Structure formats: C-alpha cells, structure tokens
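Scroll down for the structure; my scribbles are underneath it.
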Amino acid sequence: MNKKIKEINISSDFITLGQFLKFADIIQTGGEAKLFLSQNDVYINDEFDVRRGRKLRAGDKIVILGETYLIK
C-alpha cells in the first residue's frame with residue numbers, strides 16, 4: 010500500500026526540525042519539540058536524526074510516526 014507523501018512548502022532557504030514539527034501540526038508548541046524528539050524516531054533522507062536544530066531544505070524527506078513528508 011502506497012502512502013501519500015505530504016508536501017510542506019517553505020518560503021525560506023531552510024527550517025529547523027523543531028519548526029517543521031510545529032509547521033506540520035505534529036506538535037502544538039515549539040516547547041514540545043525536545044520531548045517529542047526524545048520519544049520518537051525521526052528519519053531525514055533515510056538517516057536517523059533527532060536534533061531539533063537540524064536544518065531542513067527543499068528536497069529533504071522526513072519520516073515521522075509512519076508518515077512521510079517532503080520539503081518543497
């Protein structure tokens with residue numbers, strides 16, 4: 010079964026992983042990022058990474074909680 014990739018459009022050169030979580034409605038506040046990342050696996054371009062300051066740029070693929078997101 011193919012899951013739909015959710016596209017996240019950004020207007021700047023990059024956003025951080027913490028900002029992405031809020032922007033994608035995965036968390037409600039920026040303060041939740043640290044706790045969320047300590048309890049959940051995140052893969053960016055097929056690499057495990059839970060640094061909330063990680064810069065995400067157009068073309069990056071993020072997999073969180075079984076959902077796939079693409080930065081546009």
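Position 34 of the sequence shown, counted from 1, bears residue number 43 in our numbering, the numbering being contiguous throughout.
No residue lacks a Cβ here, since even glycine has one placed at the ideal position from N, Cα and C.
Since the model is a prediction, treat every value here as computed from it, not as a measurement.
Nearest neighbour of residue i, chosen from the options [CA to CA]
| i | options | result |
| --- | --- | --- |
| Ser47 | Asn18, Asn54, Ser20 and Ile73 | Ile73 |
| Asn54 | Ile80, Phe32, Thr38 and Lys31 | Ile80 |
Sequence-distant residues of the same chain with beta carbon closer than 8 Å to residue i, five excluded per side
| i | result |
| --- | --- |
| Val51 | Leu26, Phe57, Asp58, Val59, Ile71, Val72 and Ile73 |
| Lys12 | Gly75, Glu76 and Thr77 |
| Met10 | Here Met10 scores only 47 on pLDDT, less than 50, and its place in the model should not be relied on; the value that follows carries that caveat. Correct list: empty, nothing qualifies. |
Contacting residues, own chain, Cβ-Cβ under 7 Å from residue i (five flanking each side not counted)
| i | result |
| --- | --- |
| Ser21 | none |
| Gly39 | Gly27 and Lys31 |
Per DSSP, cross-strand counterpart(s) of residue i
| i | result |
| --- | --- |
| Val80 | It is Ile, not Val, that sits at residue 80 in the sequence shown. Ile17. |
Host beta strand (DSSP E) of residue i (start-end)
| i | result |
| --- | --- |
| Lys70 | Lys70 to Ile73 |
| Val51 | Val51 to Ile53 |
Limits of the unbroken alpha helix (DSSP H) element including residue i
| i | result |
| --- | --- |
| Gly27 | Leu26 to Phe32 |
Short CB-CB distance (under 8 Å) between residue i and chain D
| i | result |
| --- | --- |
| Lys70 | In the structure shown, chain D cannot be found, because there is only a single protein chain. |
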